[in-house]
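For reference, the structure discussed in these notes is given below.
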Ligand SMILES: *Cc1c(COP(=O)(O)O)cnc(C)c1O
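Numbering (the numbering used here), first residue to last: 29 to 424.
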């Protein structure tokens with residue numbers, strides 16, 4: 029899959045090499061990120077950069093432009109990159125977008141929604157939390173009611189794909205309600221941006237947050253926020269933190285034509301630029317989303333033939349990550365199952381829900397349907413707790 033022989037332009041001359049000679053990763057990362065990346069993305073890190081030189085800053089500006097174009101076809105949007113893992117970008121956005129004295133409504137159904145609420149508590153931002161548990165979607169009528177009755181709520185935040193379970197939240201429907209009430213709308217699209225076709229203008233999102241090591245298939249080290257330019261401009265002076273001041277970070281990046289306020293993760297940024305190019309080469313987000321959807325359907329078909337059941341109802345299940353109930357068999361132990369799969373080249377993910385005993389499998393990253401077919405065979409061969417597991421599951 030994906031021949032990698034070629035060259036990467038590193039400005040002072042192409043890095044020409046036979047990428048096939050680079051060692052393979054010992055296993056696929058079937059997790060919600062960091063995930064499996066290409067050898068060419070990893071190879072793009074083989075150069076050092078000066079953070080104030082044009083060579084580097086032009087890469088940053090190109091990334092910022094591309095992110096805006098991936099997020100929307102409409103005009104009037106801008107983007108800002110932020111050091112740290114994805115949570116740093118969520119915290120920067122919450123701490124900067126909510127005005128002083130403002131009030132945040134968080135719609136949560138899992139750990140990442142809860143984390144947004146936790147950020148608000150740390151920053152002493154007034155909070156209303158609508159928690160629908162871990163396996164149920166949000167209640168639109170209740171959101172409508174909250175916004176009707178509480179004019180102090182300035183800002184609403186929701187997670188698109190709740191990576192805790194793989195549940196997909198109805199961000200368009202919520203967006204219509206939020207925009208109908210003229211409030212600011214923040215969407216944590218961390219695990220879905222680049223993996224779903226969406227336009228933030230359609231959604232009504234003022235801030236869309238993601239990070240380098242999810243569906244763009246870069247390596248970890250920074251996050252990014254695409255925002256309505258006017259909304260972001262109105263956030264000056266709101267920030268509750270110096271290093272996580274999203275407005276100031278953006279303003280300095282604008283004024284400095286791609287300069288970060290503080291040391292930027294140069295190698296990660298260069299790898300991300302390569303990852304964006306590879307997203308283009310693959311055919312863009314629609315094609316990538318199609319590949320993830322196929323990965324997901326191969327996964328669920330194969331696993332259900334082996335007797336595994338999914339946690340989330342099909343109509344809310346994303347093609348990003350899938351939760352499966354652990355087998356009820358008394359001889360089953362996740363860690364042993366995990367290790368057997370790892371030996372065969374596949375790393376899966378433990379469950380994170382409290383209401384059910386689960387494990388998770390990610391469908392994203394540089395992973396193809398053929399790899400998922402191979403995973404299903406590996407699962408079949410790792411079902412040590414079943415004396416007579418089905419012989420072949422993938423022959424249809
Ligand atoms: C990955 C992820 C984050 C950020 O997690 P980090 O560990 O800080 O990168 C936030 N929200 C969602 C929905 C995620 O999937």
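The C-beta atom is built at its ideal place from N, Cα and C for all residues, glycine as well.
**Prompt:** Whose C-beta lies closer than 6 Å to the C-beta of residue 40 among residues of the same chain, with five residues either side of it excluded?
**Reply:** If you number the chain shown from 1, residue 40 lands on position 12. Any reading at residue 40 needs caution, since the residue's pLDDT is 47, under 50, leaving its predicted position unreliable; the model's value is listed next. Here the set comprises nothing.
**Message:** Let me confirm a value: residue 212 is counted as buried when at least 16 other C-beta atoms fall within 10 Å, else exposed. Which label applies?
**Reply:** Your numbering for residue 212 matches position 184 in the chain shown. Answer is buried; the Cβ neighbour count reaches 16.
**Request:** Write down the C-beta distance between residue 241 and residue 323 rounded to the nearest angstrom, noting that I regard them as a contact closer than 8 Å.
**Result:** As a first step, residue 241 must be located in the chain shown, where it is residue number 213. As a first step, residue 323 must be located in the chain shown, where it is residue number 295. About 18 Å separates the beta carbons of residue 241 and residue 323, which is beyond the 8 Å limit, so they are not a contact pair.
**Item:** Candidates 275, 267, 246: closest to residue 254 by CA position
**Value:** The residue you call residue 254 lines up with position 226 of the chain shown. The residue with the shortest Cα to Cα distance from residue 254 is 275.
**Asked** Looking at residue 122 and residue 87, is the spacing between their C-beta atoms short of 8 Å?
**Response** Residue mapping note: residue 87 aligns to position 59 of the chain shown, counting from 1. Residue mapping note: residue 122 aligns to position 94 of the chain shown, counting from 1. No, the pair does not count as a contact, with Cβ atoms beyond the cut-off.
**Secondary structure of residue 280, DSSP reduced to three states** = Here the question's residue 280 lines up with position 252 in the chain shown. DSSP, read as helix, strand or coil, puts residue 280 in helix.
**Request:** Grab me the residues of residue 424's own chain with a C-beta within less than 7 Å of its C-beta, minus the 5 sequence neighbours each way, in chain order.
**Result:** Residue mapping note: residue 424 aligns to position 396 of the chain shown, counting from 1. For residue 424, the predicted structure reports a pLDDT of 45, less than 50, and the residue's modelled location is therefore unreliable. A value from the coordinates is still provided. Listed in chain order, the non-local C-beta contacts of residue 424 below 7 Å within the same chain number zero, local neighbours out to five positions each way being set aside.
**Asked** residue 397 by DSSP, collapsed to three states: which one?
**Response** Looking up residue 397 in the chain shown gives position 369. If DSSP states are grouped into helix, strand and coil, residue 397 belongs with the helices.
**Asked** Does DSSP classify residue 89 as helix, strand or coil?
**Response** As a first step, residue 89 must be located in the chain shown, where it is residue number 61. In this structure, DSSP gives residue 89 a helical state, which the three-state scheme calls helix.
**Message:** What does the alpha-carbon distance come out to for the pair residue 85 and residue 226?
**Reply:** Here residue 85 refers to the residue found at position 57 of the chain shown. Here residue 226 refers to the residue found at position 198 of the chain shown. So the alpha carbons of these two residues sit roughly 28 Å apart.
**residue 298, buried or exposed, once every other Cβ within 10 Å from all chains shown has been counted against 16** = As a first step, residue 298 must be located in the chain shown, where it is residue number 270. Here residue 298 is buried, its C-beta having at least 16 other C-beta atoms within 10 Å.
**Item:** 8 Å Cβ shell around residue 173 - same chain, five flanking residues per side excluded
**Value:** Taking the chain shown and counting its residues from 1, one reaches residue 173 at position 145. No residues qualify anywhere along the chain.
**Message:** For ligand 1, is there any heavy atom lying closer than 7 Å to the beta carbon of residue 378?
**Reply:** By 1-based counting over the chain shown, the position of residue 378 is 350. For ligand 1, not one heavy atom lies less than 7 Å from the Cβ of residue 378.
**Delimiting residues of the beta strand (DSSP E) encompassing residue 339** = The residue given as residue 339 occupies position 311 in the chain shown. For residue 339, there is no enclosing beta strand (DSSP E), as DSSP marks it with neither H nor E.
**Message:** Rounded to whole angstroms, what is the Cα-Cα separation between residue 246 and residue 68?
**Reply:** Counting from one through the chain shown, the residue named residue 246 turns up at place 218. Counting from one through the chain shown, the residue named residue 68 turns up at place 40. Here the C-alpha atom of residue 246 lies approximately 10 Å from the C-alpha atom of residue 68.
**Prompt:** Beta carbon of residue 186: closer than 7 Å to some heavy atom of ligand 1?
**Reply:** Translated into the one-based positions of the chain shown, residue 186 becomes position 158. Exclusion of residue 186 from the 7 Å shell around ligand 1 follows from its C-beta lying no nearer than that to any non-hydrogen atom of the ligand.
**Local conformation of residue 176 per DSSP, three classes** = Walking along the chain shown from the start, residue 176 turns up at place 148. Residue state, collapsed to three classes: helix.
**Item:** Completely contained alpha helix (DSSP H) runs for the region 201–273, where each covers 4 or more residues
**Value:** Those alpha helix (DSSP H) runs which fall completely within the region 201–273 and span 4+ residues are 228–231, 257–261.
**Request:** Tell me whether the beta-carbon of residue 66 lies closer than 8 Å to the beta-carbon of residue 288.
**Result:** For the purposes of this step, residue 66 is identified with residue 38 of the chain shown, where counting begins at 1. For the purposes of this step, residue 288 is identified with residue 260 of the chain shown, where counting begins at 1. No, these two residues do not count as a Cβ contact at 8 Å.
**Request:** Compute the minimum distance between the beta carbon of residue 118 and the heavy atoms of ligand 1, and state whether it is under 7 Å.
**Result:** Within the chain shown, residue 118 is the residue found at index 90, counting from 1. Result yes, Cβ under 7 Å from ligand 1.
**Prompt:** Do three or more CB pairs link the region 196–205 to the region 162–173 at distances below 8 Å?
**Reply:** With contact defined as three or more Cβ pairs closer than 8 Å, the region 196–205 and the region 162–173 are in contact.
**Request:** Could you name the residues of the same chain whose beta carbon sits closer than 6 Å to that of residue 189, not counting the 5 residues immediately before and after it, in chain order?
**Result:** Translated into positions along the chain shown, residue 189 becomes position 161. Close CB contacts of residue 189 within its chain, under the 6 Å cut and outside five residues either way in sequence, are with 196, 219, 220, 346, 348 (chain order).
**Asked** Within 10 angstroms of its Cβ, does residue 194 collect 16 or more other Cβ (buried), or is it exposed?
**Response** Counting from 1 along the chain shown, the entry for residue 194 is found at position 166. With 16 or more other CB atoms across the displayed protein chains lying within 10 angstroms of its CB, residue 194 is buried.
**Asked** What did DSSP end up calling residue 390 once you bin it into helix, strand or coil?
**Response** As a position in the chain shown, residue 390 is number 362, starting the count at 1. The answer is strand: DSSP assigns residue 390 an E or B state.
**Asked** Where does the unbroken beta strand (DSSP E) through residue 159 begin, and where does it stop?
**Response** Walking along the chain shown from the start, residue 159 turns up at place 131. 154–159 is the extent of the beta strand (DSSP E) around residue 159.
**Prompt:** From what residue to what residue does the beta strand (DSSP E) around residue 109 run?
**Reply:** Along the chain shown, one-based indexing puts residue 109 at 81. Segment 105–111, the beta strand (DSSP E) holding residue 109.
**Request:** Below 7 Å CB to CB, which residues in the same chain sit around residue 428 once its five sequence neighbours on both sides are set aside?
**Result:** Beyond the ends of the chain as shown, which are 29 and 424, falls residue 428; an answer cannot be given.
**Item:** residue 320 CB to nearest heavy atom of ligand 1 below 7 Å
**Value:** For the purposes of this step, residue 320 is taken as the residue at position 292 of the chain shown. Incorrect: residue 320 has no Cβ contact closer than 7 Å to ligand 1.
**Request:** Classify residue 190 as helix, strand or coil using the three-state DSSP reduction.
**Result:** Residue 190 sits at position 162 when you count from the first residue of the chain shown. When secondary structure is reduced to three states using DSSP, residue 190 falls in the strand class.
**Message:** Does the region 350–360 come into contact with the region 381–397, if we say contact requires no fewer than three beta-carbon pairs (one atom in each stretch) closer than 8 Å?
**Reply:** The region 350–360, when compared against the region 381–397, does touch it at the 8 Å Cβ threshold.
**Prompt:** How many whole angstroms separate the CB atoms of residue 334 and residue 408, which I take to be in contact at a CB cut-off of 8 Å?
**Reply:** Translated into the one-based positions of the chain shown, residue 334 becomes position 306. Translated into the one-based positions of the chain shown, residue 408 becomes position 380. The beta-carbon distance between residue 334 and residue 408, rounded to whole angstroms, is 6 Å. This is short enough to meet the 8 Å contact definition.
**Asked** Which residues in the same chain as residue 364 place their Cβ atom closer than 8 Å to its Cβ, once the five residues preceding and following it in sequence are excluded?
**Response** Along the chain shown, one-based indexing puts residue 364 at 336. Only residues of its own chain outside the window of five on either side were considered, and among them 412 have a CB closer than 8 Å to the CB of residue 364, listed in chain order.
**Prompt:** Under the DSSP definition of a beta bridge, which residues are partnered with residue 349?
**Reply:** Here the question's residue 349 lines up with position 321 in the chain shown. Answer by DSSP bridge pairing, in chain order: 390.
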